[in-house]
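Okay, so here's the structure we're looking at.
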Amino acid sequence: MTGGPADRRTWHVREPREEGLRTLIERGEGGARELELRRLRLGGGQRRELHFPGCEAVVVLLDGAVEFTADKTVHRASRSDPFSGPASALYLPPDATATVRATSNDCELLAVTTPCHTPGSIHFVAPDQVEVVDRGVDGYRREVHNILVDDDVAQRLLVGETFNPPGGWSSFPPHKHDGENGEPHLEEVYYYRTDPRTGFGFQGLYANDAVLDEAARVLDGDAALLQRGYHPVAAAPGYRLYYFWALAGERRKLVVFEDEAHAWIGR
Numbered sequence: 014m015t016g017g018p019a020d021r022r023t024w025h026v027r028e029p030r031e032e033g034l035r036t037l038i039e040r041g042e043g044g045a046r047e048l049e050l051r052r053l054r055l056g057g058g059q060r061r062e063l064h065f066p067g068c069e070a071v072v073v074l075l076d077g078a079v080e081f082t083a084d085k086t087v088h089r090a091s092r093s094d095p096f097s098g099p100a101s102a103l104y105l106p107p108d109a110t111a112t113v114r115a116t117s118n119d120c121e122l123l124a125v126t127t128p129c130h131t132p133g134s135i136h137f138v139a140p141d142q143v144e145v146v147d148r149g150v151d152g153y154r155r156e157v158h159n160i161l162v163d164d165d166v167a168q169r170l171l172v173g174e175t176f177n178p179p180g181g182w183s184s185f186p187p188h189k190h191d192g193e194n195g196e197p198h199l200e201e202v203y204y205y206r207t208d209p210r211t212g213f214g215f216q217g218l219y220a221n222d223a224v225l226d227e228a229a230r231v232l233d234g235d236a237a238l239l240q241r242g243y244h245p246v247a248a249a250p251g252y253r254l255y256y257f258w259a260l261a262g263e264r265r266k267l268v269v270f271e272d273e274a275h276a277w278i279g280r
């Protein structure tokens with residue numbers, strides 16, 4: 014994407030919700046460099062093995078009730094929807110294997126992976142271990158949930174969730190982390206949900222060189238790949254907007270560069 018116009022077919026993803034494991038964002042030519050994002054949907058009693066060779070992974074529960082089994086230990090998790098409270102998540106180091114079994118109908122989970130060769134330990138994140146942070150003021154006040162950010166569990170992945178109130182903005186003042194102004198280069202993926210589910214938001218993506226200047230209407234279940242540029246998010250009035258986010262790249266540290274034309278708003 015660097016040096017050319019954004020291709021919405023590449024950065025904005027909308028796929029039908031289907032049972033099973035579906036890749037939404039894939040690494041490879043014309044796609045992501047660091048991250049892959051998969052959506053897993055399970056019916057009651059269905060199970061799935063979780064194994065991602067050569068990668069570390071974080072699996073996050075969005076809806077329903079499940080049992081994760083890893084290292085002969087069972088971890089139970091439930092969540093009526095992403096807006097009902099902090100998430101439960103399972104971290105898998107490279108080449109680890111676990112299983113997830115749905116104990117309710119219509120379970121939805123996300124699995125994000127990145128290449129990694131550093132050994133680690135399987136780790137379950139319970140809702141009370143998620144760091145909840147209020148950020149911004151006025152029209153860009155939002156709630157951020159850090160699932161794995163300031164920890165010694167993951168090697169490369171940074172993972173969390175953001176909640177915009179109706180009509181509210183986030184990733185604001187607009188920031189980026191593409192490395193073009195000296196900040197560590199980090200690639201990012203988003204996955205959106207709305208409340209009610211008929212809602213929508215807008216995802217912007219722009220750079221000050223005017224080569225990149227895009228916006229997409231995002232619906233419940235859409236995803237985005239953010240490799241370059243500033244990427245503010247807005248919720249439509251009347252609808253809460255949620256997005257899962259994950260980053261990986263040059264360094265496991267969330268350092269951002271704010272658009273200097275708008276940074277005064279946050280001071």
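According to our numbering, the stretch in the sequence shown is residues 14 to 280, in order. All C-beta atoms, glycine included, are put in the ideal place defined by N, C-alpha and C. All values reported here derive from a predicted model rather than from experimental measurement.
Hey, residue i and residue j: beta-carbon distance below 8 Å or not?
i	j	result
Pro187	Gly279	no
Glu32	Glu39	no
Val113	Leu122	yes
Glu47	Ala276	no
Glu8	His158	A question about residue 8 goes unanswered here, because the residues of the chain that appear run from 14 up to 280.
Leu170	Val71	yes
Arg54	Arg30	yes
Leu63	Ala111	yes
Ala45	Glu200	yes
Ala237	Trp24	yes
Tyr203	Tyr256	yes
Ordered along the chain, which non-local residues of its own chain (more than five positions away) have a Cβ less than 8 Å from that of residue i?
i	result
Asp94	Leu75, Asp76, Arg206, Asp208
Pro132	Pro106, Pro107
Might you give, ordered along the chain, the residues of its own chain that have their beta carbon closer than 6 Å to the beta carbon of residue i, omitting 5 neighbours on each side?
i	result
Lys189	Gly242, Tyr243, Phe270
Val166	Tyr104, His136
Tyr252	Pro179, Thr207, Gly212
Asp235	Arg27, Tyr205
Asp272	Pro187, Tyr243
Ala109	Ile135
Thr126	Glu49, Phe65, Cys68, Ala70
Which of the three DSSP states is assigned to residue i in this structure?
i	result
Thr285	Given a span of 14 to 280 for the chain in the structure shown, any question on residue 285 remains unanswerable.
Ala276	helix
Leu213	Before going on, a small fix: residue 213 reads as Phe here, not Leu. Correct three-state label for Phe213: strand.
Phe176	strand
Leu199	strand
Phe65	coil
Gly23	The question names Gly, yet the displayed sequence has Thr at residue 23. If DSSP states are grouped into helix, strand and coil, Thr23 belongs with the helices.
Tyr153	helix
Asp233	coil
Pro95	helix
Asp141	helix
Arg40	strand
Val246	strand
Leu225	coil
Met14	Residue confidence is low: Met14 scores 35 on pLDDT, short of 50, so the model does not pin down where it sits. Its coordinate-derived value is still stated next. Coil, per DSSP.
Arg30	coil
How big is the Cα-Cα spacing for residue i and residue j?
i	j	result
Leu37	Thr116	25 Å
Trp182	Val224	24 Å
Leu232	Arg92	21 Å
Pro99	Asp226	33 Å
Ala83	Ala247	38 Å
Met14	Thr86	Residue placement at Met14 is poorly supported in this model, since its pLDDT is 35, which falls under 50; the coordinates still yield a value, given next. Approximately 42 Å between the Cα atoms of the pair.
Val138	Asp222	41 Å
Gly56	Val79	10 Å
Asn194	Asn177	28 Å
Leu218	Glu144	27 Å
Gly192	Gln240	10 Å
Ser302	Pro245	Outside the displayed range of the chain (14 to 280) lies residue 302, so it cannot be described from this structure.
Gly67	Arg60	22 Å
Asp141	Phe96	15 Å
Cys129	Gln168	8 Å
Gly214	Ala249	5 Å
Gly58	Asn118	8 Å
Arg210	Val268	32 Å
Use the C-beta contact count for residue i: other C-beta atoms within 10 angstroms, 16 or more gives buried, fewer gives exposed.
i	result
Trp258	buried
Gly16	At Gly16, the pLDDT of 39 sits below 50, so the modelled position is not reliable and the matter cannot be decided from this model.
Glu69	buried
Gly149	buried
Please go through the same chain and pick out, in chain order, the residues whose beta-carbon is closer than 7 Å to the beta-carbon of residue i, but skip the five residues on each side of it.
i	result
Gly173	Val157, His158, Asn159, Ile160, Val162, Trp258
Lys266	Pro197
Arg21	Below a pLDDT of 50, predicted positions are generally treated as unreliable, and Arg21, at 46, falls in that range; no measurement from the model is reported.
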